[in-house]
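Sequence order for the protein chains is A and B. Taking my numbering, I'd label the letters of the first sequence as residues 3 to 141. Taking my numbering, I'd label the letters of the second sequence as residues 23 to 384. Yeah, the Cβ is synthetic: ideal placement off N, Cα and C, and Gly gets one too. Data block below; observations after.
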Amino acid sequence: MLKAMGASVVTLVLTGCAGLSEVTQSAQPTPYRAIGYAAWSIQPGSNPKQKQLMAIKAAKTEAMRDLAEKIHGAMINGRAIVVAHKGDSDFVQSSVEGLVRGARVVSIIPVAQDSYEVTLEVDADEVQALRSMPQKTFR
Amino acid sequence: MQKYFAPILALVIALPTDEAWAGLRYVSGEGRAVITGNDVTQARKSALADAIYEAAAQLGTKIKGASQLNNGVFKDEHSILVDGHIRQHQIVAEGRENGAYFVKIDGIGDSDDTECSASRVDLDMRKVRIQVAKGITGYNYNAVVAGLRHGIDYLGEGDSFRVADQSHLPAISGAERNNNSTYDYMAQFTNSVPSLSGYSLSGDILVERIRNDGLLTSATDIQATLSLKLYDNFTGSQIGLIRKSLTQADRRTIYGIAEAWQQQPHIDLHPLFEQARAELEQKLACQPLRAAVMEAGPSGIMLSVGAENGVNEGDYFLLTSTAAKNQWQIVQVETVNPRQAMARTLKPTPKIVAGTTALLMR
C-alpha cells in the first residue's frame, strides 16, 4: 500500500515538473535551424580523416546556405517551353544571397556509410536583427 | 574605498576607448586538423586557425548560392565569405581526438550591429551654477531657479540615460572619482556617490541683458545661456559640451519719448532643456553600457547596473583582468534588480575582484 502511494506521489511530482518545463520552453522564441549533408568519399584529401574533415566543412557550408534561405528567402526563376503540346525545355533556378550572424553548430553526426550531417542554429532575435538591416549585395 | 583606486587606474590604462569597444560580441569556435606524419605542432596551428575561422563566422558570414535544374540535370553551387574581426581569443580546450587535433577557443569580436538606445547609462546631474546679471535679479532669478529644477526633472525622462540628481554637489573631480576627496563624505552622507562607470553633467546658466540700440530706438533683450559639460566618470575626460541659448524681448524705447513698450520678461528655460536633452540622447544613446563590480565572491558577481539601465537576464558582460594582461572574464547575468545585477562567471579563470569595470556585450 505504502509503495503504491509512494509511486503515485512520484508520478504526481514528475507530472508537475513536466508541465512547468513546458511553460518555460514555450516562452523562448524558437531558434532557426538548418541541416547540411556531405559525403566524405568524394572530398579531396590524402587520407580518410582529411576527407572526413572536409566533408564536415562542406556540410557546414550547405547548412549555412539553408539558414540564409530561411532568413532571407530565395529568388526563384523558371522557364518552361512547350512546343506543339510537347515539353521542349524546362529550366528552374533558385538563388540566395544574404548575411548570417551568430550561427552555431548544434551537432555533427555521421550518417549512412560515408556522410556527415551538420546542424546549425541561429537565435530568433538574431534573425530579427538581421532582417531589419538593409541588405547589400556583395561579390 | 581607496583600495579600488589601483584597479580602476589600471583599467583606465589597460582598456581602450569606448568607441574602440563599442559593439562587442562574445564568440566561440572549435577547429580540427588531421595529424599527418606525427606533426602535432602543425596540426595544432591548423586547428587553431580553423577555430578562429569558425568564431569569426559568428560575427558575419555572407552567403551566395544558386541551384539550377535544367531539363532534369541538377547543378548546385554556393560560396560563403566570412567577414569578422576577432580582437582577442584564448584557447579553452585542446587535445588529440581520433587521429586529429582539436582546439576550442573563446573570443571577443567586433560587431557592427550595436543597438543604440537599448541600454540606459547612468548620468549624475551635478551642480549647475546660476549667474544672473545685476539689475535683472529678483523675479528673474527665482524663475531661473524654478526652471532649473523643472529642467533636471525633464532630463530625468531621457530614454538612453538614467539621471541621479546630485545637483547639491559640485562637478565630479578626478579626486572624487578615486574616492579621495572631501566631497566623498558628503556624497556618502547624502547617498550621492558618483557612478564610476557612468557619466556626469555640470555647468552653469547665465542670464544677462543685451542692448540692441538703433538710431532712434533703444532695445534690450534678456538672454539665457545653458552650458553643460558632459564628463565620462570612468576616464575623467570631458566628452561633450552642450551650449544652448535663447533670447527674449525686454524693453523697447524710442529716444526722447517715454517707453514705447515695456513688459516684465518671463524667462522660460524649458526650450533650453529640451534641446539639451535631445543632444544628450544623441551623445549617450550609442555609448556602451559599463558597470562596476561591487562584490565578487563564490555566490557570484554583483554589478552596479540593473533593470533601470536596460540590463536583462542572460546578458553578457566583458571584464578585463587587472592581474594578467590580455585575460578577460565573461559573466552572464542571472538575476536583475532595478539598480543591480547578479552574474556568474563562465570561466574558472581569471579571478575577478571588486572594482573591476564590466562592459555589456551582445
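For a contact meaning CB atoms closer than 7 Å, what does B/Q354 contact in chain A?
Taking the first residue of the second sequence as 1, we reach residue 354 of chain B at position 332. Residues of chain A passing the Cβ test: none, with the nearest at roughly 15 Å.
Applying a beta-carbon distance threshold of less than 7 Å, which residues of chain B neighbour A/K51?
Walking along the first sequence from the start, residue 51 of chain A turns up at place 49. Within chain B, the residues near A/K51 are V56, G121, A122.
With a threshold of 16 other CB atoms inside 10 Å of the CB of B/T342, please say whether the residue is buried or exposed.
One-based indexing of the second sequence puts residue 342 of chain B at position 320. Classification for B/T342: buried.
Shortest alpha-carbon distance to B/R312 belongs to which of B/S101, B/N331, B/G117?
Stepping through the second sequence from its first residue, residue 312 of chain B is reached at position 290. The residue with the shortest Cα to Cα distance from B/R312 is B/N331.
Do you know whose CA, among B/E52, B/I85, B/A300, lies nearest B/E116's CA?
As a position in the second sequence, residue 116 of chain B is number 94, starting the count at 1. Closest option to B/E116, Cα to Cα, is B/E52.
Among B/Y338, B/T371, B/G225, the one whose alpha carbon lies nearest that of B/A364:
Within the second sequence, the letter at position 342 stands for residue 364 of chain B. It is worth fixing the name first, because residue 364 of chain B is Met in this sequence and not Ala. Comparing C-alpha distances from B/M364 to each of B/Y338, B/T371, B/G225 shows the shortest one belongs to B/Y338.
Name the chain A residues that come within less than 8 Å of B/A88, Cβ to Cβ?
Residue numbering aside, residue 88 of chain B sits at position 66 when the second sequence is read from its first letter. Within chain A, the residues near B/A88 are Q95, S96, S97, V98.
Answer yes or no: the CB of A/E64 versus the heavy atoms of the ligand COA, is any distance below 7 Å?
Absence of the ligand COA from the depicted structure is noted, as is the absence of any ligand whatsoever, leaving it without description.
Using DSSP's beta-bridge definition, name the partner residues of B/W350.
Your numbering for residue 350 of chain B matches position 328 in the second sequence. B/W350 pairs with B/T342.
Chain A contact for B/I108 (CB, 8 Å cutoff):
Locating residue 108 of chain B in the second sequence gives position 86, where the first residue counts as 1. Under the Cβ criterion of 8 Å, B/I108 is not counted among the residues facing chain A.
Under 8 Å from the C-beta of A/D92: neighbouring residues of chain B:
For the purposes of this step, residue 92 of chain A is taken as residue 90 along the first sequence, with counting starting at 1. Neighbours of A/D92 on chain B, chain order: L91, N92, N93, G94.
Classify A/I111 as buried or exposed, calling it buried when 16 or more other Cβ atoms lie within 10 Å of its own Cβ.
Along the first sequence, one-based indexing puts residue 111 of chain A at 109. Counting C-beta atoms within 10 angstroms of its own C-beta, A/I111 has fewer than 16 neighbours from the protein chains shown and is therefore classed as exposed.
For a test of the three-state rule: what should DSSP assign to A/Y39, helix, strand or coil?
For this step, residue 39 of chain A is matched to residue 37 along the first sequence. Strand.
Can you pull the chain A neighbours of B/L46, defined as C-beta to C-beta under 9 Å?
Within the second sequence, residue 46 of chain B is the residue found at index 24, counting from 1. Taking the beta carbon of B/L46 as reference, no residue of chain A falls within 9 Å; the closest one sits roughly 14 Å away.
CA-to-CA distance, B/I108 to B/A78, given in whole angstroms:
Start at 1 with the first residue of the second sequence, and residue 78 of chain B comes out as number 56. Start at 1 with the first residue of the second sequence, and residue 108 of chain B comes out as number 86. Taking the CA atoms as reference points, B/A78 sits about 6 Å from B/I108.
So, helix, strand or coil for B/M147, using DSSP?
The residue given as residue 147 of chain B occupies position 125 in the second sequence. Taken through DSSP and simplified to helix, strand or coil, B/M147 comes out as strand.
So B/L81 contacts chain A; which residues on that side make the cut at Cβ distance below 7 Å?
Here residue 81 of chain B refers to the residue found at position 59 when the second sequence is read from its first residue. Here the neighbours are R103.
In chain order, what residues of the same chain have a beta carbon less than 8 Å from the beta carbon of A/V98, not counting five sequence neighbours either side?
As a first step, residue 98 of chain A is located in the first sequence; it is residue number 96 there, counting from the start. Listed in chain order, the non-local C-beta contacts of A/V98 below 8 Å within the same chain comprise R67, A70, E71, H74, G75, A76, M77, local neighbours out to five positions each way being set aside.
What is the rounded straight-line gap between the Cα of A/R133 and the Cα of B/Q260?
Here residue 133 of chain A refers to the residue found at position 131 when the first sequence is read from its first residue. Here residue 260 of chain B refers to the residue found at position 238 when the second sequence is read from its first residue. Here the C-alpha atom of A/R133 lies approximately 37 Å from the C-alpha atom of B/Q260.
Per-residue burial, B/L368 [other beta carbons within 10 Å of its own, 16 or more giving buried]
On the second sequence, residue 368 of chain B is found 346 positions in, with the first residue counted as 1. When all chains shown are included, B/L368 counts as exposed.
For the stretch 103 to 120 of chain A against the stretch 62 to 81 of chain B, do three or more pairs of beta-carbon atoms, one drawn from each stretch, fall closer than 8 Å, so that the two count as touching?
Yes, the stretch 103 to 120 of chain A is in contact with the stretch 62 to 81 of chain B.
Local Cβ density within 10 Å of B/N234, reported as buried at 16 or more and exposed below that
Against the second sequence, residue 234 of chain B aligns to sequence position 212. Its Cβ having fewer than 16 others within 10 Å, B/N234 is exposed.
Under 7 Å Cβ to Cβ from B/V358, same chain only, skipping five residues before and after it: list those, please.
By one-based count along the second sequence, residue 358 of chain B stands at place 336. The answer, listed in chain order, is G328, A329, V333, N334, E335.
Between A/D90 and the rest of its own chain, which residues show a CB-CB distance below 7 Å, the 5 nearest in sequence each way excluded?
Start at 1 with the first residue of the first sequence, and residue 90 of chain A comes out as number 88. Cβ-Cβ distances below 7 Å link A/D90 to I83, V84 in the same chain, with the five nearest sequence neighbours on each side left out; the list follows chain order.
When you compare the CB of B/H100 with every CB in chain A, is at least one pair closer than 8 Å?
Counting from one through the second sequence, the residue named residue 100 of chain B turns up at place 78. Closer than 8 Å to some Cβ of chain A, the Cβ of B/H100 qualifies, so yes.
Alpha carbon to alpha carbon, how far is B/K67 from B/A122? Give it in angstroms, no decimals.
On the second sequence, residue 122 of chain B is found 100 positions in, with the first residue counted as 1. On the second sequence, residue 67 of chain B is found 45 positions in, with the first residue counted as 1. When only Cα atoms are considered, B/A122 and B/K67 end up about 12 Å apart.
Tell me which residues share the same chain as B/I232 and place their Cβ nearer than 8 Å to its Cβ, disregarding the 5 neighbours each side in the sequence.
The residue you call residue 232 of chain B lines up with position 210 of the second sequence. Closer than 8 Å at Cβ, skipping near neighbours: T242, D243, I244, Q245, T269.
Could you compute how far the alpha carbon of B/G173 sits from the alpha carbon of B/Y253?
Walking along the second sequence from the start, residue 173 of chain B turns up at place 151. Walking along the second sequence from the start, residue 253 of chain B turns up at place 231. Between the C-alpha atoms of B/G173 and B/Y253 there is a straight-line separation of about 19 Å.
Indicate whether at least one CB of chain A lies closer than 8 Å to the CB of B/K84.
Here residue 84 of chain B is taken as the residue at index 62 of the second sequence, counted from 1. Yes - at least one Cβ of chain A is within 8 Å of the one on B/K84.
Are any of the Cβ atoms in chain B nearer than 8 Å to that of A/T63?
Here residue 63 of chain A refers to the residue found at position 61 when the first sequence is read from its first residue. Among the CB atoms of chain B, one or more fall inside 8 Å of the CB of A/T63.
Answer yes or no: does any C-beta atom of chain A fall closer than 8 Å to that of B/E335?
Here residue 335 of chain B refers to the residue found at position 313 of the second sequence. False, the Cβ-Cβ gap to chain A never drops below 8 Å.
Roughly how far, in whole angstroms, is the beta-carbon of A/A65 from the beta-carbon of A/G100, given that I think they are within contact range, below 8 Å?
Locating residue 65 of chain A in the first sequence gives position 63, where the first residue counts as 1. Locating residue 100 of chain A in the first sequence gives position 98, where the first residue counts as 1. Taking C-beta atoms under 8 Å as the contact rule, A/A65 and A/G100 fail to qualify, at a distance of about 14 Å.
Judging by CA-CA distance, which residue of B/Q64, B/T58, B/D72, B/T63 is the nearest neighbour of A/K51?
Along the first sequence, one-based indexing puts residue 51 of chain A at 49. The option with the nearest alpha carbon to A/K51 is B/T58.
Element boundaries [beta strand (DSSP E), containing B/T83]
Translated into positions along the second sequence, residue 83 of chain B becomes position 61. It spans 83 to 92 - the beta strand (DSSP E) in which B/T83 sits, taken as one unbroken run.
Any beta strand (DSSP E) of 3 or more consecutive residues that is wholly inside the stretch 227 to 260 of chain B:
239 to 254, all fully within the stretch 227 to 260 of chain B.
Measuring only between beta-carbons, confirm whether A/R67 sits less than 8 Å from chain B.
For the purposes of this step, residue 67 of chain A is taken as residue 65 along the first sequence, with counting starting at 1. Closer than 8 Å: yes.
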